[in-house]
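Chemist:
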Ligand SMILES: [Zn+2]
Ligand SMILES: [Zn+2]
Ligand SMILES: [Zn+2]
Ligand SMILES: [Zn+2]
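Residue numbers (this note's numbering): 198 to 513.
#1: Is any heavy atom in ligand 3 found nearer than 7 angstroms to the beta carbon of residue 307?
#2: Hey, out of 353, 310, 344, 350, whose CA is closest to residue 334's CA?
#3: Between the Cα of residue 427 and the Cα atoms of 440, 447, 457, 444, which residue gives the shortest distance?
#4: For residue 198, which residues in the same chain have their Cβ closer than 7 angstroms to its Cβ, ignoring the five residues on either side in sequence?
#5: State the DSSP-derived secondary structure class of residue 264, mapped to helix, strand or coil.
#6: Indicate, with yes or no, if ligand 1 has a heavy atom lying under 7 angstroms from the CB of residue 214.
#7: Give the secondary structure of residue 228 by DSSP, where H, G and I count as helix, E and B as strand, and everything else as coil.
#8: Please state the DSSP three-state secondary structure of residue 425.
#9: Is the region 495-508 close to the region 461-474, with three or more CB pairs under 8 angstroms?
#10: Under 6 angstroms from any heavy atom of ligand 2, by CB: list those residues in chain order, please.
#11: Between residue 239 and residue 303, what straight-line distance do the alpha-carbon atoms span, to the nearest angstrom?
#12: Starting from the Cα of residue 312, find the closest Cα among 351, 301, 297, 336 and give me that residue.
#13: Since residue 224 and residue 277 are thought to touch, with beta carbons under 8 angstroms apart, how far apart are those beta carbons, to the nearest angstrom?
#14: Does the separation of the CB atoms of residue 460 and residue 478 fall below 8 angstroms?
#15: I need the DSSP call for residue 283, collapsed to helix, strand or coil.
#16: Cβ of residue 476 within 8 angstroms of Cβ of residue 448?
#17: What's the C-alpha gap between residue 358 and residue 205?
#18: Cα-Cα, which of 349, 287, 352 is closest to residue 324?
#19: What residues come near ligand 4, if near means a beta carbon less than 6 angstroms from any of its heavy atoms?
#20: In three-state DSSP terms, what is residue 291?
#21: Hey, is residue 353's beta-carbon within less than 8 angstroms of any beta-carbon in chain C?
#22: Let me check understanding here. Comparing Cα to Cα, which of 227, 235, 201 lies closest to residue 274?
#23: Please report the Cβ distance between residue 173 and residue 230, rounded to the nearest whole angstrom; I am assuming they are in contact, meaning their Cβ atoms lie under 8 angstroms.
#24: Does the Cβ of residue 450 have 16 or more other Cβ atoms within 10 Å, making it buried, or fewer, making it exposed?
#25: Tell me which same chain residues have a C-beta within less than 6 angstroms of the C-beta of residue 332, skipping the five on either side of it?
#26: Spell out the partners DSSP gives residue 206 in its beta bridges.
#27: What's the gap between the Cα of residue 412 and the Cα of residue 503?
#28: Rounded to the nearest angstrom, how far is the Cβ of residue 295 from that of residue 279, given a contact under 8 angstroms?
#29: Counting C-beta neighbours from all protein chains within 10 Å, is the total for residue 423 16 or more, i.e. buried, or is it exposed?
#30: Counting only runs of 3+ residues fully inside the region 427-453, write out the beta strand (DSSP E) ranges in chain order.
#31: Closer than 6 angstroms by C-beta to residue 255: which residues in its own chain qualify, once you throw out the five before and the five after it? Chain order, please.
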């Protein structure tokens, strides 16, 4: 059963009888020993036997295939390695079994496949005929190109896998990335803004800043507007009263002067200013009571009102 296809034994008569397998009656190949009864067989022989019955062929002990261990005793294996064999391919004789692996690598008559077998050349032949085949085999000629392409495909596949992993991570963290992109865009706009500003004359610079500040301000559909440049107590009561009567979505814009700014901010209107229900607009020009018409005809006043529909309140 374990008769080797590559070699035949030359010196069977002089081989120690303990080295023979009871199944194939040849010197052991890859000997394995039963844990329970200690009987030894070739690995292949006992596997074949166990296909039909799970018994030791020598003593009929019930065994399983797991109940064997490889024989590792050096003197025993050395004796097997020193057995002289003859190559069945090239008929070279007196090869020590332990050296046969080295012989088969250079044996001129062993049947080997074409070097391009991997790309479907199905030629097989003796090693010493290989050179003639290689001269005419078209697949051997294109093999280097194919190998190169395989390497490229392998690299590309790895790159695609790498990118795919990044994509997966990206989709997991796309919210964070979106946030980062927003920050980057804002920073970029800011940097561009700084560059433009630093390259602009000071008058144009003020104009740009003014326009940008205005565009950042909210513009409301409806707004209540008061203008008062004096420090008078009843302004606070009136604003509270107005706030009480207008819809909650309407803000109140108070135009004031330099003199009454601190007064308004420190009054009971402070919390409404903080919550942006009221916002203050400082006017350089002061308009006293007698000049109300002047205020109402001043384009600067109307430009600074931050609402579409305006409800204008007069203080007194
Ligand atoms: Zn055997
Ligand atoms: Zn046994
Ligand atoms: Zn040979
Ligand atoms: Zn070939």
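Backbone N, C-alpha and C define an ideal beta-carbon position, used for all residues, glycine too.
Modeler: Per the coordinate set shown:
#1: Annotation for residue 307 indicates a beta carbon within 7 angstroms of some heavy atom of ligand 3.
#2: Of the candidates 353, 310, 344, 350, the one whose C-alpha sits nearest the C-alpha of residue 334 is 310.
#3: Ranking 440, 447, 457, 444 by Cα distance to residue 427 puts 457 first.
#4: In this prediction, residue 198 has a pLDDT of 47, which is less than 50 and means its spatial position is unreliable; what the coordinates show is noted afterwards. Non-local beta-carbon contacts of residue 198 in its own chain, meaning distances under 7 angstroms to residues more than five positions away in sequence, involve 220, 221, 241, 242, 245 in chain order.
#5: Reduced to three states, the DSSP call for residue 264 is helix.
#6: No.
#7: Looking at residue 228 - three-state DSSP - the assignment turns out to be strand.
#8: Per DSSP, reduced to three states, the secondary structure at residue 425 is coil, with no helix or strand assignment.
#9: Cβ pair count under 8 angstroms is below three, so no.
#10: The set of residues whose C-beta lies within less than 6 angstroms of a heavy atom of ligand 2 reads, in chain order, 231, 234, 236, 253, 255, 256, 258.
#11: Distance between residue 239 and residue 303, taken at the CA atoms: about 27 angstroms.
#12: Measuring from the Cα of residue 312, the nearest candidate turns out to be 336.
#13: Right, their Cβ atoms sit about 6 angstroms apart.
#14: For residue 460 and residue 478, no; Cβs fall outside 8 angstroms.
#15: Of the three classes helix, strand and coil, the one that applies to residue 283 here is strand, per DSSP.
#16: Contact flag set, yes.
#17: Cα-Cα distance, rounded: 52 angstroms.
#18: Closest by alpha carbon: 287.
#19: Near ligand 4, meaning a Cβ closer than 6 angstroms to any of its heavy atoms, lie the following residues in chain order: 311, 313, 318, 320, 330, 334, 336, 337.
#20: Residue state, collapsed to three classes: coil.
#21: In the displayed structure, chain C is absent; only one protein chain is listed.
#22: Nearest of 227, 235, 201 to residue 274, Cα basis: 227.
#23: A query on residue 173 cannot be resolved here, the shown segment of the chain reaching from 198 to 513 and no further.
#24: Buried, by the Cβ-count rule.
#25: So the list is empty, once near-sequence residues are dropped.
#26: BP columns for residue 206 point to 282.
#27: Residue confidence for residue 412 is low, a pLDDT of 48 falling below 50, so the modelled location carries little weight; the figure read from the coordinates is stated next. Computed Cα separation, rounded: 11 angstroms.
#28: At roughly 7 angstroms, the Cβ-Cβ gap stays under 8 angstroms, so residue 295 and residue 279 are in contact.
#29: Here residue 423 is buried, its C-beta having at least 16 other C-beta atoms within 10 Å.
#30: Taking only runs of at least 3 residues, the beta strand (DSSP E) segments lying wholly in the region 427-453 are 449-453.
#31: In its chain, beyond the 5 residues on either side, 219, 236 have a beta carbon closer than 6 angstroms to the beta carbon of residue 255.
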